[in-house]
Every structure is written in structure tokens, then in C-alpha cells.
Amino acid sequence: MMPRRREFAYWVFAREIRDSTVLEESNEEERSKPYIVTPLGSRIRRVLVTGRVTQKNSEENMTRMTVADASGNFYLTAFSNDFGNQGKIMLDALELNDSVMVMGRLTSFQNEERIYFNINPEIAVKIDEIALKYWNLRASHAARRKIFAIRAAGKSDSPSSEELMKMGYSEEESECAIRALKNYPDYNPADIEAVASGSPAASVQQQSDSGSKELILDYVRNNDEDGRGCRYEDILAAATNAQISQGEVDEILNTLGSDGEIFEVSLKRYKAI
Amino acid sequence: MSEEEFPQISDLEPGKQNLGLKAKIVSLQQRKIKNDKGETVYFYGILGDRTGTVSFTAWAFPATIQAGDVVEIKNCSTKEYNNVNRVYIDARTEVILRPGEEMEVKRTFKELKIKDLTTSNPYVSIEGRISGVREKEMERNGEKLQLFYGDLEDDTGKIRLSSFGKPLKEGETVRIEGAKVSEYNGRLRLTINDKTRVLPTKLPFEITERILNIVDINGPLGGITVQGFAVNMGQKSGLVMRCSECNQKLDDLRCPDHPEAPFVYDLFAYFTVDDGTGHLQCTGGKFPLLPLLGIKAEEFVPSNKSISRRGILTLLEERIPGRPFIIGGDLVKSQVGLSMRIREIRPMDEEFLKKFSRMLEADFQ
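As they're listed, the protein sequences go chains A and B.
Take 9 as the starting number for the first sequence in this note's numbering and just add one per residue.
Take 189 as the starting number for the second sequence in this note's numbering and just add one per residue.
So this is what it looks like as C-alpha cells:
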């Protein structure tokens, strides 16, 4: 029997996951979870990420955690069952503000508006600043190489991975570039590139994210007019006025929910806790 | 076909069918492979004539023909495999012995770096520095021979080097013409024989730490460094007891062959390292791992009551999974693929990060 191929673990920034809108369904015989195709063309089922724990919610049967890197948030969930128990023990051992390394399976949940992503941790451990720096170096390098490959492919009339490999890109980078062009022809990777280049724009973005979060939380707190929860459409209108995009609104609502600041009382209605 | 009508080996191109050749069998070996249909034997080796040499593969080969014989080959074909042109001998091919005939063979050696060595290019020219030289006396066909062995390293890797008769000098930088590449116990090695030329030379490159991305690893290369997070640790990792007499691993504290001999401690750990480009299985023993656990060699003895199976396992679990490491060692090929035998392992540090950052940044210059 051939040894089973180990699933590749991608070192990616949260933003690359968050901006993903394409799921590649596996064939029925495989009955496995779909691959997530990201805007940089990575085809992901497993990730290896790092960041700081910004939120932790531990219950008897489940632990949820938010881990933030320089570009956004990863959401982690581990259950106390036969498959996830080790993951739950590892998450429970972590504390707020810990720097962590997490490797796990990336799962997705899709509704009419968007896809939400979650990591089921296989390993989650506290790390030091050097480990964090090391991961950032590697992940930044990988993201930048992929962005350069996408740009090179975009300049060609009939881009192919063979052509990109002749230019010095690896097989993986070349295939990602072709996949990215096919699935995300209009995607602008400037934000990911800013994070990967260590640009000050990345930290500015973080600060601006935190301002947007406060604004939306305040809006939910102060606009529950009929006691049935603040309506999503109203939140969106207020956010649009404040130059916050719908994607960011969804992300922030998701974060606020994970942080335990708000909850969805009924479909598209939010209440502050 | 007269002698002049046979194509010369130096003129052979890939993709030719129904070829006739006259050549000397320079080397002939066979290998068994197992697949869905059962076990199959195939033959491979090198053909040569006065213009050069070429590798061949044969699915059937006359048992009476040996290395050194001159043969006429009818209806063979050529094809490129792993960027090397090869002659293929199949069921339609006839291999006819030319008894008593002699043929001069021009040896052609491909100029290669250590990282590019494979057994499909068995005779090579290579430059590097000799290190770790040892010698021993051997007997072959009733004759006493001096065997010198050590390592040869260049800027891409390190390989085991053996020399029958010709002395190896520690630290010497050499050009070796006509060394033979072979595989033994999953590792590549180079052999110097009486036809190989060893010439002192000044190396046109510097030998420093050879840091590789896991994705770029494609063979059992020695003397390389990888970096990455250890993402798991094997369940059988831990403290090992060995017989002090025969070094055999002991399941209980008594060696079946040397029941009176005391046991000694050893350490074994295996784990997967992920560097973002791929993953690699690493295995290590007590020499590289004890410093990581903060245990001195002289403390790692059965008389030290603070050493226990549970204690060692806890230390390994605390110090390895989830941490980033810089790991130096040798790659070994087995049925499940390549793995690394660790020679040295250290936690990621600032100094390495600076060097690594410069390496990665060079990609964008």
C-alpha cells in the first residue's frame, strides 16, 4: 500500500484566508472537505499560522479562540470529542496575549453572503518572539513570491505554469498564479503585499480595523430600537457612511461575535452583550 | 552491418527507434522491483565505445553476457529520462555477444555538484574538500587493500567518499575525475578506484552552511541544514536502553546475547519539520538531542536516578513539538521516502534569522 500523502500546511496571512471566496468541491468518492482556493491561488486544507491570542472562550465542550496576525484574525474552534480533545487541551492551555503557533485543518461555513473560515487545531503552542519573527519572514516571502508570480502571469497573453517556471518560479508558485488569475481575476493583493513587505500601511490598517470595530460595536449597542436586535442593513448603512466596506463589516461582526461582545439574536439581527 | 555503419555513442539522440549498436558493457547490474503484478527484475548499466558512454535499461538480458563483453545490439531505442539520454533494451531487442572482441572505451564524466549526484549518472567529475578521513585494511580476492574513507563536501552538500588504495588527505581540496556514484543503505557514496584521477585544486567556491528549502530536496544528500517548526513527535520517541557490548536495543534490561553486560542509555526522537515549502521526517539520537534537553552526556547514565522514561518523554514533548529549529544532518532514502538523520539541532536564533532574511530577500533583488 502506498503511504498516504501528508496534506501540505500553508503558511498564510489571515487576510488571504478572509478574502477567499472559492471552494473547490472534492469529488463524491473522496467525501473529504473542500479545498479553499485563496486569492493568491493557494489550494488549502491545512494551515500553519502564528499570531497573538486576542480572545478566548472556553466551555466544557468547546473552546473558541481568535488569533490575530498583522493582517487580521484567525478563528479557532476545538471540541471536546474523540477527534478534537487534544486540540481543546492545547487551546485551553493558552492565555490571552500569548504568541502562538497553530497548525490545523481549515474548515469553511458558507451562507448566502459569504464564507466563514475556522481552524480546527492539530497543534497549538505558545511560542516566543523569535519564532513569531521566523514565521513572518517565511510567510511574507511566500506571499510576495506568489504576488510577483501572479503579476508576471498577468502580463502574458496565454499564461501557463511552464512559462512561469522558466522565469524561475517554483511549480507551486506557478500553479498558484494560474489558479489565482482564473478564480480571482480582479483581486488587488495590495493589502497582503503591504503586510508581507512589512509596510507601515499594515499597522495603520490594524489601527483602522480597531477603530471600525469600536464604531460598529457602538452602533449595535445604541441602535436596538425595537428590542429585537440591531438590523444588519442598518449596521451596513452606517458602516458604508464611515467608509467601511461590506466585507469588513462582516469580518468585524464575526470578530465581535467571537469576542463575546455581540450575538446574533435572530437572522441578521445583532445584540450587544 | 560493418563496424563503420554502427552509430557512435556520442552521436546518440533521444527518441530513436530500431537502433543498431556495437558497444562494450562497461557495467551491468540488476534490481528487483515489486509492483501490483508481483516481483520483476530489470537490468541496468553502462554501454561504451571509443566516443563515450551511455546508460541503459533492459527488461530482459542474456545471462551469459557480463561486464567487459563487447556486444552487438539490434532494435534498441533511446529515450530521455531524468534529463539523461538512455538506451532501452526490450523484448524485441537482440543482444549478441561478440566473443574475443576488444573495444576501447572513452570514459566521459559529467561535471556535477554534490546536490545533483544520482546513480543514473554513475561516473562523474567533482570538486570539493576532503574531511573526516579514516583508514582500514581490507581483503579482496585474497589481496590486502588499504581503504581510505571520509567525506567530500562542496557548496551544495556532503557525500561519503571511499578510496581503494589512493590515500585521502584531511582538509585537501581536490578535483576528482571518474569517481563512481552508488547508493548504499539509502545514502549516496562516491568511490575512487584505480582509474579515478584525484588532483589537488583550488576551489572556485566557498564552503559554508548549506541551507535548503525542504521543497528543493530531491535526493539522499548529506551535510545540509533545514529550518522549520517541528509539528509533531512520534509516539515511540523517548529513552532507549542498549546493550553496552553489542549496542542492540533492549526491550527489557538484559541483552539476550550478552546477559551479563550492563545496559547503557540512548535517546531516540522522530518528528516532522515543516518549513512552509514542505515537510520532512527527522530522526535523532542522543548526541544531537541531549544538548537540546539540557542534559550532559556524563549525566545520561543508568546510575543517575533522576533520568526516567517519563521524565525524558516529558522533556522531549516540552522542547520539540511546536518549536522552530535549525537542523543539520544527512538525508536518507527509504521505502517511505527521504528522511533526515540529525547531526545537530538548535532552536531558532536571531543570528540565523538575520542570515535567513538576507537569503530570502536576495530572491527579490
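Ideal Cβ positions, reconstructed from N, Cα and C, are used throughout, including at glycine.
On a predicted model such as this, the values are computed, not experimentally measured, just so you know.
Check                                                                                                                                                                      : Outcome
Taking the CB atoms as reference points, tell me whether TYR311/B and LYS368/B lie closer together than 8 Å.                                                               : yes
Considering THR58/A, what are the terminal residues of the beta strand (DSSP E) in which it resides?                                                                       : 54-66
Using a cut-off of 9 Å between C-beta atoms, extract the partners of ASP463/B located in chain A.                                                                          : TRP19 and ARG146
If contact means a Cβ-Cβ distance below 8 Å, which residues of the region 49-83 of chain A contact chain B?                                                                : LEU56
Can LEU305/B and LEU376/B be called in contact, C-beta distance under 8 Å?                                                                                                 : yes
If you reduce the DSSP assignment to three classes, tell me which class GLU233/A lands in.                                                                                 : coil
Return the chain-ordered list of same chain residues with a C-beta closer than 7 Å to the C-beta of ALA173/B, the five sequence neighbours on each side being excluded.    : Nothing can be reported for residue 173/B, as the shown portion of chain B is limited to 189 through 553.
Counting Cβ pairs, one atom from each stretch, are 3 or more of them under 8 Å apart for the region 423-430 of chain B and the region 380-398 of chain B?                  : no
Suppose the cutoff is 6 Å on Cβ atoms and the five residues either side in sequence are ignored; what does the same chain contact list for THR71/A look like?              : ALA86, LYS96, LEU99 and ASP100
Indicate the three-state DSSP secondary structure (helix, strand or coil) for HIS446/B in the structure shown.                                                             : coil
Just the chain B side, please: which residues come within less than 7 Å of PHE178/A by C-beta, in chain order?                                                             : Reading off the sequence shown, one finds Ser at residue 178/A, where the question assumed Phe. By Cβ distance, chain B contributes VAL403.
Tell me the start and end of each unbroken alpha helix (DSSP H) in the region 141-180 of chain A that is at least 4 residues and wholly inside, in chain order.            : 169-174
Let me check understanding here. Comparing Cα to Cα, which of ASP242/A, LEU225/A and GLY237/A lies closest to ARG272/A?                                                    : According to the sequence as given, residue 272/A is Glu; it is not Arg. Ranking the options by Cα distance to GLU272/A, first place goes to GLY237/A.
Given ASP77/A, which residues of its chain have a CB within under 7 Å of its CB, disregarding the five upstream and five downstream residues?                              : PHE21, ALA22, VAL57, THR58 and GLY59
In whole angstroms, what separates the C-alpha of ARG53/A from that of PRO476/B?                                                                                           : 34 Å
So, is the C-beta of LYS154/A closer than 8 Å to a C-beta in chain B?                                                                                                      : no
Kindly say whether MET175/A, judged by its beta-carbon, lies nearer than 8 Å to any beta-carbon of chain B.                                                                : no
Compute the Euclidean distance between the alpha carbons of SER313/B and ASP237/B, then round it to the nearest angstrom.                                                  : 19 Å
Just tell me which of SER265/B, GLU487/B and LYS294/B has its CA closest to the CA of PRO202/B.                                                                            : SER265/B
With three or more C-beta pairs closer than 8 Å as the rule, is the region 113-122 of chain A touching the region 137-156 of chain A?                                      : no
When burial is assigned at 16 or more other CB atoms within 10 Å of the CB, is ILE281/A buried or exposed?                                                                 : exposed
Taking Cβ to Cβ, would you say GLY359/B is nearer than 8 Å to ILE318/B?                                                                                                    : yes
Applying the criterion that 16 or more other CB atoms from any shown protein chain within 10 Å of the CB defines a buried residue, is LEU275/A buried or exposed?          : exposed
Pop quiz: VAL45/A and SER66/A are said to be a contact at Cβ under 8 Å. What is the actual Cβ separation, rounded to whole angstroms?                                      : Actually they are not in contact, since the Cβ atoms of VAL45/A and SER66/A sit about 32 Å apart, beyond 8 Å.
Output needed for GLY338/B: all residues of its chain with C-beta closer than 7 Å, excluding positions within five of it in sequence on either side, in chain order.       : ILE318, SER319, GLY320, VAL321, ARG322, LEU349 and LEU356
Can you tell me whether ASN263/B is helix, strand or coil according to DSSP?                                                                                               : strand
Once the 5 residues before and after ASP242/A are set aside, which same chain residues still bring their CB inside 7 Å of it?                                              : ASN231
Enumerate in chain order the residues of its own chain whose CB-to-CB distance from ILE347/B is below 6 Å, with the five nearest sequence positions on each side excluded. : ILE302, LEU340, LEU376, LEU378 and GLY410
Select from the region 409-439 of chain B all residues with a C-beta closer than 8 Å to any C-beta belonging to chain A, and list them in chain order.                     : GLN415, PHE417, VAL419 and ASN420
Under 7 Å Cβ-Cβ, which residues of chain B neighbour TYR142/A?                                                                                                             : PRO512, MET536 and LEU541
Helix, strand or coil: how does DSSP classify CYS184/A here?                                                                                                               : helix
Is the beta carbon of ALA255/B less than 8 Å from the beta carbon of LEU216/B?                                                                                             : yes
Along the chain, where does the alpha helix (DSSP H) that runs through THR248/A open and close?                                                                            : 240-249
Using a Cβ-Cβ cut-off of 6 Å (strictly less than) and excluding sequence neighbours within five positions of GLY112/A, which residues of its own chain qualify?            : ILE127, ASN128, PRO129 and GLU130
List the whole-angstrom C-beta distance separating TYR142/A from PRO512/B, where the pair is believed to meet the contact cut-off of C-beta under 8 Å.                     : 5 Å
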